[in-house]
């Protein structure tokens, strides 16, 4: 009941905590989905600092685990740990834990990480190819909406540029 009231008032962070306390994992997943929708709509999460404190509780829902890892990705980028952030990015894309509709947003948000200077590529050619394949699969499977076309173009261009840079940097 408390979680429902909080959800109606768009206090999703608190609703999530109450649902976790009640062990209502279906609602936890639904609230996580709402948080993703809100992020896609607004470009940011609010009041989700508690995710870092959840520990193993995050394992109760794939979406909640993805949400926690996504926040971790942003923390790594802010801390300048580009290599770890790049590894986590590839892991998130490969895991399929997050909603399909969020994958384009995930890759688009990671453009500054992917598209750094050619001398400082965080992604190897192999990992870059993994992300390119994932992007291609999203398009083939029809998960890319018309309004995402510009984002997809930017993502592809940045990944191809990174691929070229990583080829030049990696030993043969």
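Numbering (this note's numbering), first residue to last: 20 to 191.
Just so it is clear, CB atoms sit at the ideal spot from N, CA and C, and this is done for glycine as well.
Residue 164 by DSSP, collapsed to three states: which one?
In the structure shown, residue 164 sits in coil (DSSP, three-state: anything other than H, G, I, E or B).
Mind checking which residues open and close the alpha helix (DSSP H) that includes residue 55?
Here the alpha helix (DSSP H) through residue 55 covers 44-61.
With C-beta atoms as the reference, is residue 181 less than 8 Å away from residue 133?
Yes. Within cutoff.
Spatial neighbours of residue 37 within its chain, please: CB distance less than 7 Å, with the 5 preceding and 5 following residues excluded, ordered by chain position.
These residues qualify, in order along the chain: 21, 22 and 25.
So the alpha helix (DSSP H) residue 155 belongs to, where does it begin and stop?
Taken as a continuous stretch (DSSP letters only), the alpha helix (DSSP H) holding residue 155 covers 144-159.
Out of 92, 96, 106 and 50, state which residue places its alpha-carbon closest to the alpha-carbon of residue 147.
Among 92, 96, 106 and 50, the Cα nearest to that of residue 147 is on 106.
Which value, in whole angstroms, describes the spacing of the CA atoms of residue 250 and residue 60?
Since the first and last residues shown for the chain are 20 and 191, residue 250 lies out of range.
For residue 115, which three-state DSSP category applies?
It is coil, neither helix nor strand.
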